[in-house]
Amino acid sequence: MTVKTTLPGVLIASGNWAPEPWAVPFAGEPERPLAIWPHVPDPAAIHYVLAWRPPAEAFANLPNLKAVFSLGAGVDHVVGNEALPDVPIVRVVDPDLTTRMTEWVTLQVLLHHRQHLAYARQQATHIWRELRQPVANDVRVGIMGLGELGRDAATVLARLGFQVAGWSRSAKNVPGIETFHGEDGLTAFLGRTDILVALVPLTPETRGILDGSVFDRLASDGALGGPVLINGGRGGLQVEADILAALEDGRLIGASLDVFEPEPLAADSPFWDHPRVVVTPHVAASSEASVLANGIRNQILAFEAGGSLPNLVDVSRGY
Ligand code: NDP
Ligand code: OXD
């Protein structure tokens, strides 16, 4: 029996992520062509691409493409694609992803604040010794990027008692959070920051932003004895040699890094064994297909019913 295909088709190009979980919500629609890159039997049937780090060729020769859905919140992997057609790009904004990022950021802030790396070293050598502990209210956290993820993390950290500020491109008003914006606000933002959390997207403007000149401007008089860097954004934001140099000369006393460029982090990277660095393998806020794929299908159905696409990316800004 042949199934009549009457609905616009979907192509899943999910890079290093397994495609099957993203296909599940479409399984009940046999009339909707579903292709998994690189097998695209009928390119003209494809109206939507669900993409994570897609190869450039995934967008080539799709004459009826209507929209691209990033499988993550970040879109640098799509916006930078040379073969990107001029169609709307939708990104993930979902409480599931936001909560995951806030968990990771809070964990890393507390881990440095409560000196967990030092206690882990003490435990390894059976040392029972209390380390002097400032209260959260004496510690200033600065969130670089006050978007969907940054705002939520900022609010939770403020609730824990930290003095929280955020920095963004445009002016913001977030209850309980001191806000700074633009190049003009950066120095003041950094100067009041003991724990810097990077949650900006990777764009031509932000590439390499976490460099020595930023570490020079962080507060050196804080209750932790020196500043800490936490990067949950993208590896391309950070200048690795500058982080290592700052850890060496005390401009940073610790770091938590979830993202690198390239990934995976090279086996011989000095970050792996650095006693004051936490490395996690790009898992700060993993995209949970069983949740997010349903959301994408619902967005497609609403669009096909005449609605507009949500969470659109401004390609000229890069996020
Ligand atoms: P949003 O687009 O909602 O927010 C981005 C924020 O960064 C905005 O406040 C924006 O300012 C600010 N920003 C962008 N460019 C600049 C700039 N040049 N100068 C100052 N501020 C700037 O993104 P999300 O919060 O949803 O996500 C942030 C990033 O987190 C993603 O792009 C992705 O790279 C990363 N991520 C990492 C994950 C992981 O597992 N490690 C998981 C999910 C996301 P404004 O508000 O003025 O526009
Ligand atoms: C994302 C990511 O951008 O997982 O969502 O990095």
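Residue numbers (our numbering): 961 to 1279.
Glycine included, every Cβ here is placed at the ideal spot set by N, Cα and C.
Can you find a heavy atom of the ligand NDP that lies under 8 Å from the Cβ of residue i?
i       : result
Trp1088 : no
Gly1182 : no
Thr1166 : yes
Val1035 : yes
Arg1277 : yes
Ser1128 : yes
Ser974  : no
Pro1161 : yes
Glu1108 : yes
Val1039 : no
Gly1255 : no
Val1219 : yes
Gly929  : It is not possible to answer for residue 929, since the shown part of the chain is limited to 961 through 1279.
His1073 : no
Gly1121 : no
Gly1032 : yes
Gly1192 : yes
Gly1142 : yes
Lys1026 : no
Can you tell me which of the options puts its alpha carbon nearest to the alpha carbon of residue i?
i       : options                               : result
Ala1084 : Pro1235, Gly1278, Gly1107 and Val1239 : Pro1235
Val1009 : Leu1156, Thr1062, Leu1109 and Val970  : Val970
Ala1033 : Asn1271, Phe1019 and Ser1276          : Asn1271
Pro1164 : Ala987, Pro1003 and Asp1036           : Asp1036
Ile1256 : Val1275, Val1053 and Leu1212          : Val1053
Glu1143 : Pro1135, Ala978 and Ser1173           : Ser1173
Ala1081 : Val1251, Gly1278 and Asp1233          : Residue identity differs from the one stated: residue 1081 is Arg in this sequence, not Ala. Here the closest residue by C-alpha is Asp1233.
Gly1151 : Pro1015, His999 and Gly1102           : Gly1102
Pro1222 : Gly1210, Leu1197, Ile1049 and Ala987  : Leu1197
Ala1043 : Asp1056, Gly1214, Leu1022 and Pro1003 : Leu1022
Pro1224 : Thr1240, Asp1209, Val1047 and Leu1212 : Thr1240
Ile1260 : Gly1193, Pro979, Asp1274 and Pro985   : Pro985
Tell me which same chain residues have a C-beta within less than 7 Å of the C-beta of residue i, skipping the five on either side of it?
i       : result
Ser1130 : His1141
Gly967  : Sequence check: residue 967 is Leu here, not Gly. Answer for Leu967: Glu989, Glu991 and Arg992, listed in chain order.
Val1000 : Leu971 and Ile1006
The ligand OXD and residue i: does any heavy atom of the ligand fall closer than 8 Å to the residue's C-beta?
i       : result
Gly1195 : no
His1242 : yes
Leu1057 : yes
Val1052 : yes
Ala1245 : yes
Ser1216 : no
Ser1250 : no
Gly1145 : no
Gly1105 : no
Ser1268 : no
If you drop the 5 nearest sequence neighbours on each side, which residues of the same chain put their C-beta closer than 6 Å to that of residue i?
i       : result
Ala1096 : Leu1120, Gly1121 and Phe1122
Gly1105 : Leu1159 and Val1160
Asp1154 : Val1099, Arg1100, Ala1179, Gly1182, Leu1184 and Pro1187
Phe1263 : Leu1269
Ala995  : Leu971
Leu1189 : Leu1156, Leu1212 and Ala1215
Thr1062 : Asp1112, Ala1113 and Val1116
Gly1193 : Ala1158, Leu1159 and Val1160
If I measure Cβ to Cβ from residue i and keep anything under 8 Å in the same chain, skipping five residues before and after, which residues do I get?
i       : result
Leu1071 : Leu1077, Ser1216 and Val1238
Gln1075 : Leu1091 and Gln1093
His1007 : Pro968, Gly969, Val970, Asn1024, Leu1025, Lys1026 and Ala1027
Trp1088 : Gln1082
Are residue i and residue j close, meaning C-beta to C-beta below 9 Å?
i       : j       : result
Arg1060 : Phe1029 : no
Pro981  : Ala1245 : no
Val1157 : Val1243 : no
Gly1195 : Phe1220 : yes
Trp1012 : Ser1276 : no
Trp997  : Ala1016 : no
Gly1214 : Val1039 : no
Leu1343 : Leu1252 : Because the chain is modelled from 961 through 1279, residue 1343 falls outside the range shown and cannot be assessed.
Thr1115 : Gly1136 : yes
Ala1018 : Ile1049 : no
Pro1003 : Gly975  : no
Glu1200 : Ser1229 : yes
Thr1147 : Arg1177 : yes
Leu1117 : Val1047 : no
Leu1170 : Asp1202 : yes
Asp1218 : Asn1191 : yes
Is residue i close to chain B? Criterion is C-beta to C-beta, closer than 9 Å.
i       : result
Ala1245 : Looking at the structure shown, chain B is missing, and only one protein chain is on hand.
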